[in-house]
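Residue numbers (my numbering), protein chains in the order written: chain A, 1 to 551; chain B, 1 to 551.
2 protein chains.
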Amino acid sequence: MDNYARIKAAKSEKKADLVIKNAKICDLACHEIYEGDVAVADGVIVGCGSYEGEVEIDAEGGYVMPSFVESHVHIESSMLTPAEFAKLEAAWGVTEVIADPHEIANVAGEDGLEFMINSAQGVPIDIHFMLPSCVPATEFDDAGAVIGAGKTAELMKKYDFFGVGEMMNYVGLLNLVPDVVEKVTTERCVDGHAPLLSGKELNAYAAAGIRTDHECTNEKEALEKISKGMYVMMREGTQSKNIEGLYKAVNPYTLRRFLFCTDDRYLGDVMREGSISNCVKKAVGLGMDSLDALIIACLNPSECYNLGRRGLIAPSYKADMIISRDLTAEHITHVFKDGKLIAKDGKALFETKNADASKVKNSVHIAPVASSDFALEYKKGMPVIEVFPKSLWTKCCETHEREELNLCAVIERHKGTGRMGKCFIKGFDLKGGAIAQTIGHDSHNITVLGDDTASMAAAVNALGTMGGMSVAKGGRAIAYMPLEIAGLMSDKCAEETLCEHDKIISAMGTLEVNSEIDPFMLLSFLSLLVIPSVKISDRGLFDVEKWRFFD
Amino acid sequence: MDNYARIKAAKSEKKADLVIKNAKICDLACHEIYEGDVAVADGVIVGCGSYEGEVEIDAEGGYVMPSFVESHVHIESSMLTPAEFAKLEAAWGVTEVIADPHEIANVAGEDGLEFMINSAQGVPIDIHFMLPSCVPATEFDDAGAVIGAGKTAELMKKYDFFGVGEMMNYVGLLNLVPDVVEKVTTERCVDGHAPLLSGKELNAYAAAGIRTDHECTNEKEALEKISKGMYVMMREGTQSKNIEGLYKAVNPYTLRRFLFCTDDRYLGDVMREGSISNCVKKAVGLGMDSLDALIIACLNPSECYNLGRRGLIAPSYKADMIISRDLTAEHITHVFKDGKLIAKDGKALFETKNADASKVKNSVHIAPVASSDFALEYKKGMPVIEVFPKSLWTKCCETHEREELNLCAVIERHKGTGRMGKCFIKGFDLKGGAIAQTIGHDSHNITVLGDDTASMAAAVNALGTMGGMSVAKGGRAIAYMPLEIAGLMSDKCAEETLCEHDKIISAMGTLEVNSEIDPFMLLSFLSLLVIPSVKISDRGLFDVEKWRFFD
Numbered sequence: 001m002d003n004y005a006r007i008k009a010a011k012s013e014k015k016a017d018l019v020i021k022n023a024k025i026c027d028l029a030c031h032e033i034y035e036g037d038v039a040v041a042d043g044v045i046v047g048c049g050s051y052e053g054e055v056e057i058d059a060e061g062g063y064v065m066p067s068f069v070e071s072h073v074h075i076e077s078s079m080l081t082p083a084e085f086a087k088l089e090a091a092w093g094v095t096e097v098i099a100d101p102h103e104i105a106n107v108a109g110e111d112g113l114e115f116m117i118n119s120a121q122g123v124p125i126d127i128h129f130m131l132p133s134c135v136p137a138t139e140f141d142d143a144g145a146v147i148g149a150g151k152t153a154e155l156m157k158k159y160d161f162f163g164v165g166e167m168m169n170y171v172g173l174l175n176l177v178p179d180v181v182e183k184v185t186t187e188r189c190v191d192g193h194a195p196l197l198s199g200k201e202l203n204a205y206a207a208a209g210i211r212t213d214h215e216c217t218n219e220k221e222a223l224e225k226i227s228k229g230m231y232v233m234m235r236e237g238t239q240s241k242n243i244e245g246l247y248k249a250v251n252p253y254t255l256r257r258f259l260f261c262t263d264d265r266y267l268g269d270v271m272r273e274g275s276i277s278n279c280v281k282k283a284v285g286l287g288m289d290s291l292d293a294l295i296i297a298c299l300n301p302s303e304c305y306n307l308g309r310r311g312l313i314a315p316s317y318k319a320d321m322i323i324s325r326d327l328t329a330e331h332i333t334h335v336f337k338d339g340k341l342i343a344k345d346g347k348a349l350f351e352t353k354n355a356d357a358s359k360v361k362n363s364v365h366i367a368p369v370a371s372s373d374f375a376l377e378y379k380k381g382m383p384v385i386e387v388f389p390k391s392l393w394t395k396c397c398e399t400h401e402r403e404e405l406n407l408c409a410v411i412e413r414h415k416g417t418g419r420m421g422k423c424f425i426k427g428f429d430l431k432g433g434a435i436a437q438t439i440g441h442d443s444h445n446i447t448v449l450g451d452d453t454a455s456m457a458a459a460v461n462a463l464g465t466m467g468g469m470s471v472a473k474g475g476r477a478i479a480y481m482p483l484e485i486a487g488l489m490s491d492k493c494a495e496e497t498l499c500e501h502d503k504i505i506s507a508m509g510t511l512e513v514n515s516e517i518d519p520f521m522l523l524s525f526l527s528l529l530v531i532p533s534v535k536i537s538d539r540g541l542f543d544v545e546k547w548r549f550f551d
Numbered sequence: 001m002d003n004y005a006r007i008k009a010a011k012s013e014k015k016a017d018l019v020i021k022n023a024k025i026c027d028l029a030c031h032e033i034y035e036g037d038v039a040v041a042d043g044v045i046v047g048c049g050s051y052e053g054e055v056e057i058d059a060e061g062g063y064v065m066p067s068f069v070e071s072h073v074h075i076e077s078s079m080l081t082p083a084e085f086a087k088l089e090a091a092w093g094v095t096e097v098i099a100d101p102h103e104i105a106n107v108a109g110e111d112g113l114e115f116m117i118n119s120a121q122g123v124p125i126d127i128h129f130m131l132p133s134c135v136p137a138t139e140f141d142d143a144g145a146v147i148g149a150g151k152t153a154e155l156m157k158k159y160d161f162f163g164v165g166e167m168m169n170y171v172g173l174l175n176l177v178p179d180v181v182e183k184v185t186t187e188r189c190v191d192g193h194a195p196l197l198s199g200k201e202l203n204a205y206a207a208a209g210i211r212t213d214h215e216c217t218n219e220k221e222a223l224e225k226i227s228k229g230m231y232v233m234m235r236e237g238t239q240s241k242n243i244e245g246l247y248k249a250v251n252p253y254t255l256r257r258f259l260f261c262t263d264d265r266y267l268g269d270v271m272r273e274g275s276i277s278n279c280v281k282k283a284v285g286l287g288m289d290s291l292d293a294l295i296i297a298c299l300n301p302s303e304c305y306n307l308g309r310r311g312l313i314a315p316s317y318k319a320d321m322i323i324s325r326d327l328t329a330e331h332i333t334h335v336f337k338d339g340k341l342i343a344k345d346g347k348a349l350f351e352t353k354n355a356d357a358s359k360v361k362n363s364v365h366i367a368p369v370a371s372s373d374f375a376l377e378y379k380k381g382m383p384v385i386e387v388f389p390k391s392l393w394t395k396c397c398e399t400h401e402r403e404e405l406n407l408c409a410v411i412e413r414h415k416g417t418g419r420m421g422k423c424f425i426k427g428f429d430l431k432g433g434a435i436a437q438t439i440g441h442d443s444h445n446i447t448v449l450g451d452d453t454a455s456m457a458a459a460v461n462a463l464g465t466m467g468g469m470s471v472a473k474g475g476r477a478i479a480y481m482p483l484e485i486a487g488l489m490s491d492k493c494a495e496e497t498l499c500e501h502d503k504i505i506s507a508m509g510t511l512e513v514n515s516e517i518d519p520f521m522l523l524s525f526l527s528l529l530v531i532p533s534v535k536i537s538d539r540g541l542f543d544v545e546k547w548r549f550f551d
């Protein structure tokens, strides 16, 4: 903190380190836009006005705004390592990320967390890791790791996590399960996840100190949570898109309690439209005031998470800034972190190095499977999972014909137990082969789905020890995308990963499948036992409402 | 942090520790008022709704609001010790105080700071002490102590001060005086004091990390400071009243950047009208929305100063609350801190004990003075200080007659140097005696004013070694109010102190004096060398604009 340099530059007694000339400055404190230069010294903004700098960048009349905060994301869902993810985020104007690495934690426990932290080392944006609170997600899950309250306390201290990640187990918390209660009993920030929780149950959840929620889907829910002191995140991920349902709850008073997040977002979406910039664009498109959207994207999360002096273009605030041709950050030309240019014209200007991934590779531990392993006798009236377009919710379907169903299996892949749960599924309408993957929230066992058991076996076997995604046809694997890191993330760059992902999607396109669904995406949530109402795990068919397996 | 108790009480599985029944609940997050009960457990609010408690208090339809934050105050100006001051504040709904003990620091240095901290020990409200940054206020002052940057660093560590008190020496800071720059170079909060500073000078001041300002007197000034990232305090003290000049700058966007403070407020005013509650009443009286005023009084300072989860009536927020019959907190019936009732019907429910004051008593070190010491030859055209009603500003008057002037002297009282500055003053119109006191901002030397030198000597000698305020008439002291603590504060309770103060004011009333001024108040600022434009110190007449003594 060099106050001499700051004061001299602010008074124009010496040139600033950096000056952005000819800018429209977004003043989120007074809710105004005014013209001027922005001067930077010692990594912070030192003044707006007329300035000269050692380096000068002409904004050409573009907008200068604070850079964005991604308030809640599972980086693993992008299929990129934190280092590679950082490049995408930086290019789209995000310089602060609150990341919950709970996907990899379910596969690789502490090794996974350590890999994520190491991968983020040295990137020029701030990635703040939350310590996952629900590993595994439920007591019925067979994940690769268990992180109980004792371990949580140990890890919190060892790695100095930023806070505690989303407490999804609100049932356990409200029922006072000691392991759950202890995990949220901390002075650090605890993120929430409590869809539709209301009334006294929400009081109890909030009373335990849980500060945020990103599961709101309607205005009333958002306003109740805000009234109860929580910050509400408007999530716009790949699958869950909530801004449209929530933006009308924003008024000049509630404004300060909203944040944006993406939660789970595929790299393709991030590459094409960004993460938080996409939230801003979406909200403004729906009619939200542009500066309101920027307040939500920049200032509010800095306050919610105590990120220090950031979120305003004002003296002493960190020079974490965007120059954009438009107010909705669709055409970002420059991104600065601590006054340093880190991305230009949609491209990160920094290189990253791969962290040691030896402990989180080869995470698939199963014996080769055979076609016969998938044999399942069909009976009329047996419980079958039915899936639907644009939803992660399923229901139990008891009226069905064999020919409209696919076979689905979940195979435990962490400890080599050979445990496999099987069921029939309606709604995929997949014909001519099978798809398989090691992404399966949150335990990330292998999920495979198909219409012939030989292809199912081939698809599973194609995943090898690395894991990833595969497509098989006529009993032979025809495409495989490795996800070397824990079977969740690629160790390649974003462009190569996207290219590989495109290939797997193309291969799947050669099968017949319900065109209204995203098969891999839907498959990845079939084993998430906390979403209603019927799910499949390696232990069999699960009734979410009754909170037990089917007989 | 007992989350079991919180969750059980929130869910009504057991009675809450405390329930306020039949309340109108002020929801400052959603900007609404709704009816219900407020339940408290483990010191925090656990829910609003319908609740039963071990203790139940009927609000009788009154408003429940978060308790107030006094964002900037010199407790010494109340003439009460921190312990006694806490009782007054508590009775008026203030449970957090940001105090800058720079008056006593100028008299007694570290001993003074330690006394303040000790006096505040054990009171049930939070008094957060800032480390005074300007001791002495200027390089021309003869204060009782000097706290340079080295000492500041040492004290910060030793006493874990909350932050750095108002940096009044903006001239020194902008001119890069190392001692000044070093004092504000800290990660802790630094309060500001920069009347009318603007443009690049304000950029520089803010760039140095100074976070607040309480010297704004007009809307434009406030908005510029907010635009530059500062929090602006609307001050309503005894002498300086700024809400009227500022409240129109509050709009739904700038709202979140305003705070209230009193800075310097006499105990009589606090007793009659409170401190922050008076700000709320004043602002609402001028037309501000009541809930906006409460947001400024409760929520904003909690955010500005990172006071933790307080400022909302919501689960997990500290149960720091007021019940008031009206929205402007004029009729407060109950005040709670951490869920405990600490004041009722305008009276604090706690007792305090006196801290050891032995090191800060007997702070007056002068030899007895004689009438002859005040001899000063009058010359036509000599520079004379002219004072005015309702203002602390003075000017240099060169056209005067001897009979319209009073004699004034400032006597160094800390080191016994015998140094005395003398001058003539126009505007007091005091006849028939003299007044003297050991309150004289910020060095707190003795200031005496009168129309006969014998009374002046008597008034000064009456101050003894304790210091305080005195009135003399016909060469004899007729009233003396001791201020035992550093010559600034009484060691008695508020009621007795007020009674003694009333007596001294009555005694002064037996002299003839300009009825439009408050003589003791005006006298106490005559030696503050940073207020334009002519001042008197123990070294003589000072030209504030030229920043030097008169020849």
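Where is the CB? At the ideal position from N, CA and C, for every residue including glycine. If you're wondering where the values come from, they're calculated on a predicted model, not measured in any experiment.
Within chain A, partners of residue i - CB distance below 8 Å
i: methionine 288 of chain B; result: In chain order: nothing, as chain A lies at least about 14 Å away.
i: valine 184 of chain B; result: Asn3
i: leucine 174 of chain B; result: Ile7 and Lys11
Reduced DSSP category for residue i - H, G, I as helix; E, B as strand; rest coil
i: asparagine 278 of chain A; result: helix
i: leucine 174 of chain B; result: helix
i: leucine 541 of chain B; result: strand
i: isoleucine 104 of chain B; result: helix
i: histidine 501 of chain B; result: helix
i: arginine 272 of chain B; result: helix
i: lysine 14 of chain B; result: coil
Interface partners of residue i on chain B, CB under 7 Å
i: proline 315 of chain A; result: Asn203, Ala206, Ala207, Lys228 and Gly229
i: glycine 47 of chain A; result: Lys200, Asn203 and Ala207
Beta-carbon neighbours of residue i, restricted to chain A and to distances below 9 Å
i: valine 44 of chain B; result: Ala207 and Gly209
i: alanine 181 of chain B; result: The sequence given here has valine at residue 181 of chain B, not alanine. Near valine 181 of chain B (Cβ distances below 9 Å), the residues of chain A are Asn3, Tyr4 and Ile7.
Residue i: contacting residues in chain A (beta-carbon distance under 7 Å)
i: histidine 31 of chain B; result: Tyr253
i: leucine 312 of chain B; result: Gly229
i: serine 67 of chain B; result: Going along chain A, no residue has its Cβ under 7 Å from serine 67 of chain B, so there is no contact; the nearest lies around 16 Å.
Buried versus exposed call for residue i [16 or more other C-beta atoms within 10 Å across all chains shown]
i: threonine 262 of chain B; result: buried
i: tyrosine 34 of chain A; result: exposed
i: cysteine 499 of chain A; result: exposed
Contacts of residue i in chain B (Cβ-Cβ under 8 Å)
i: valine 64 of chain A; result: The contacting residues do not exist; valine 64 of chain A stays about 14 Å from chain B at best.
Check whether the region 21-36 of chain A and the region 307-327 of chain A are in contact - that is, three or more C-beta pairs closer than 8 Å. yes
Determine, using beta-carbon pairs with one atom in the region 102-111 of chain B and one in the region 355-367 of chain B, whether at least three such pairs fall under 8 Å. yes
Counting Cβ pairs, one atom from each stretch, are 3 or more of them under 8 Å apart for the region 281-295 of chain A and the region 9-20 of chain A? no
Could you tell me whether the region 85-97 of chain A touches the region 422-437 of chain A, where touching means 3 or more Cβ pairs closer than 8 Å? no
Contact list for the region 520-538 of chain A against chain B, Cβ threshold 8 Å: none
Taking any Cβ of chain B, which residues in the region 14-29 of chain A have a Cβ under 9 Å from it, in chain order? Asp27, Leu28 and Ala29
Is the region 223-243 of chain B touching the region 44-55 of chain B in the sense that three or more CB pairs, one from each, lie closer than 8 Å? Counting C-beta pairs closer than 8 Å gives fewer than three between the region 44-55 of chain B and the region 223-243 of chain B, which falls short of the contact rule.
Under 8 Å: do the region 219-232 of chain A and the region 247-262 of chain A share three or more Cβ pairs, one atom per stretch? With a cut-off of 8 Å, the region 247-262 of chain A and the region 219-232 of chain A count as touching, because enough Cβ pairs lie within range.
The region 118-131 of chain A in contact with the region 393-402 of chain A per 3-pair CB rule at 8 Å: no
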